[in-house]
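Structure record follows, encoded as structure tokens.
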Amino acid sequence: MRFDRTGQSELIECDKSVIIKRVSIPARDLRILGPVFSHSSSILAREKAMVVNLEFIRAIVTAEEVLLVDPLRQDVLPFVDQLRQQLPHKSAFKNDGTGQIVAQDDEMLFPTSEQWLPAPETVEGMQAELPFEFQVLEIALEVVCTFLDSSVAELERDAYPVLDELAMNVSTKNLERVRSLKSNLTRLLARVQKVRDEIEHLLDDNEDMAQLYLTRKWIQNQQSEALLGAMVSNNNVPAATLLQRLNSTTSGSLTINHSNDDDVEDLEMLLEAYFMQLDGTRNKILSVREYIDDTEDYVNIQLDNQRNELIQLQLTLTIASFAVAVETLIAGVFGMNIPCTLYQTNGVFWPLVGGCTAGCMLLFLLILGYARWKKLLGS
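Using numbering that gives the first Met the number 0, you'd call the opening residue of the sequence shown number 0 and step up by one each time.
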């Protein structure tokens, strides 16, 4: 789909060679817009175009038009709607019906025949409006950031109830839900991080940001072409005057070019705003991940406590088994066919059995008390 400066759109079909010739980009840039890099994020500056690959938005932006890939996808439709709504209101140019492009605010004209170009200060006056390519970039970043924010909000709505349920009841079902939640969180964090890193990369390099000013380059090319056309067609102007105007306009253009190449404040402010928004989105994801980590720590503490209770129960049963084994040993000794004087003594059986049982119980209590004294068992 193609959008022009006024927001007019049309569906077109172009092969790669036509696109390469039309926007003057290398073939490798088209691979970035392919399905292999569908979830990568990159903003590349070329001589006459800007290649934008942000999440589901894949477009080639020039100073005059936008070529959008897969415009009928469900994810891309909000971006298409925003372009249709905002470009007509933001456009700094209009067409006068004669093939000339005129600025709405400063009545800036690029003639093709007999009229001279405006003075350089008029060109500077046009910079009050964001260039067309930055308007498109702003809309793309707005749509992507809104989508990521909504995804994070949905993740938060799903995460906290699941984690609270896991904290109250550790079960296989709840653990599986948390595992799925962590997978979604990791993927979403990676997507936000890619967009954030790409914006940060641009903010760290003023040269790359200056290369994104496509309208500035386009104006300078229009000035040069119109100036050459005027010099050829305007034969009534003396040669000395032509030479003087050529030198004056060229020096003015060079001055503007040199000053504007270092002036990236508009783009920097635009990128910083969305960088901060993405940073906030990233912090929300990190807070959810911290909550997951805290819940996992709490669950691990619960499991460790239950494990300790089981170990204490096992130790108690082991002590009881030892006491019973001692009494069993005594019973086994008396059960042997060994001559003993106690066998002929009347009234000894029950006191002996009771004494052995009491002794074993006392042994159990002594060992249990020792274990508690050594803090091997809870109080």
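We put the CB at the ideal spot given by N, CA and C, even for glycine.
All values reported here derive from a predicted model rather than from experimental measurement.
Go ahead and pull the three-state DSSP assignment for residue i.
{"i": "F2", "result": "strand"}
{"i": "V51", "result": "strand"}
{"i": "I59", "result": "strand"}
{"i": "V332", "result": "helix"}
{"i": "I42", "result": "strand"}
{"i": "S23", "result": "coil"}
{"i": "S182", "result": "helix"}
{"i": "K15", "result": "helix"}
{"i": "E199", "result": "helix"}
{"i": "E9", "result": "strand"}
{"i": "I318", "result": "helix"}
{"i": "N173", "result": "helix"}
{"i": "T214", "result": "helix"}
Report yes if the C-beta distance between residue i and residue j is below 8 Å; otherwise report no.
{"i": "V325", "j": "L362", "result": "yes"}
{"i": "Q311", "j": "G377", "result": "yes"}
{"i": "A166", "j": "V75", "result": "no"}
{"i": "Y290", "j": "L162", "result": "yes"}
{"i": "E132", "j": "A62", "result": "yes"}
{"i": "G6", "j": "R72", "result": "no"}
{"i": "K47", "j": "L213", "result": "yes"}
{"i": "V50", "j": "V135", "result": "no"}
{"i": "A139", "j": "L66", "result": "no"}
Could you pull the start and end residues of the alpha helix (DSSP H) that residue i belongs to?
{"i": "S431", "result": "Missing from the structure shown is residue 431; the chain here goes from 0 to 378 and no further."}
{"i": "Y369", "result": "F348 to W372"}
{"i": "N205", "result": "N205 to Q210"}
Hey, could you find the ends of the beta strand (DSSP E) residue i is sitting in?
{"i": "E64", "result": "E64 to L67"}
Between residue i and the rest of its own chain, which residues show a CB-CB distance below 7 Å, the 5 nearest in sequence each way excluded?
{"i": "E380", "result": "In the structure displayed, the chain extends from 0 to 378; residue 380 sits before or after that span and is not available."}
{"i": "A44", "result": "D207, Q210 and L211"}
{"i": "V191", "result": "L147, L277, T280, R281 and I284"}
{"i": "P70", "result": "M0 and V79"}
Taking residue i and residue j to be in contact with their CB atoms under 8 Å, please state how far apart those CB atoms are, rounded to whole angstroms.
{"i": "V142", "j": "I56", "result": "7 Å"}
{"i": "I318", "j": "I366", "result": "5 Å"}
{"i": "L375", "j": "L314", "result": "6 Å"}
Can you list, in chain order, the residues of its chain whose CB lies under 6 Å from that of residue i, leaving out five sequence neighbours each side?
{"i": "K373", "result": "none"}
{"i": "D3", "result": "E64"}
{"i": "N173", "result": "E164 and L165"}
Within the same chain, show all residues whose beta-carbon is closer than 8 Å to that of residue i, passing over the 5 residues directly before and after it, in chain order.
{"i": "A322", "result": "C359, M360, L362, F363 and I366"}
{"i": "E155", "result": "K283 and V287"}
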